Amino acid sequence: MSVDDVVRRSRPLIAWLVGFVVVAVLVYATTEDPHIRHSSALNTVFDTRWLVAAARLLAIAVIGYLLASIAVRVSRNQWVRSAGSVDTDVSAARAITDDQRELQQRLHEADTTIEDLRQRLARSLADRRALLASMGEHDQGGDEHHA
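Numbering (this note's numbering), first residue to last: 381 to 527.
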């Protein structure tokens, strides 16, 4: 393994470390000195700026890790199959996906059928009106001949 390979492989790690250091410096710079009453030795320990900044940085790192892991699972279509420590069978997740796809297809076919029936009903109503109108004209003309 050459030096170039080691450098190429370590670039992402170096980038993460630089980003972490930048975020750590920003968090420390924005953290004010805490003002805890020194009533015990524990309060004295927690009355340091760097400890408060480290706790905030830890919270940011945990939230970032959780969001990144969720994004990776979603991008790999694994979110339905696993949540936390619970994993489901791949075939069961696939069956749910297939059922959903089939229901979407059936819904689309039903919508198409409904639209076709609406068009037929509209044509039928138009034909009925035309027939009633022609029968009305025919009846009026027949009444004139009988008079």
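Just so it is clear, CB atoms sit at the ideal spot from N, CA and C, and this is done for glycine as well. None of the values given here were measured: they were computed from a predicted structure.
Under the 8 Å Cβ criterion, the segment 401–414 counts as touching the segment 427–446, having at least three qualifying pairs.
When DSSP states are grouped into helix, strand and coil, R389 belongs to the helix group. Distance from the CA atom of D384 to the CA atom of S390, rounded to whole angstroms, is 10 Å. Taking all protein chains in view, the Cβ of A433 is crowded by 16 or more other Cβ atoms within 10 Å, so the residue is classified as buried.
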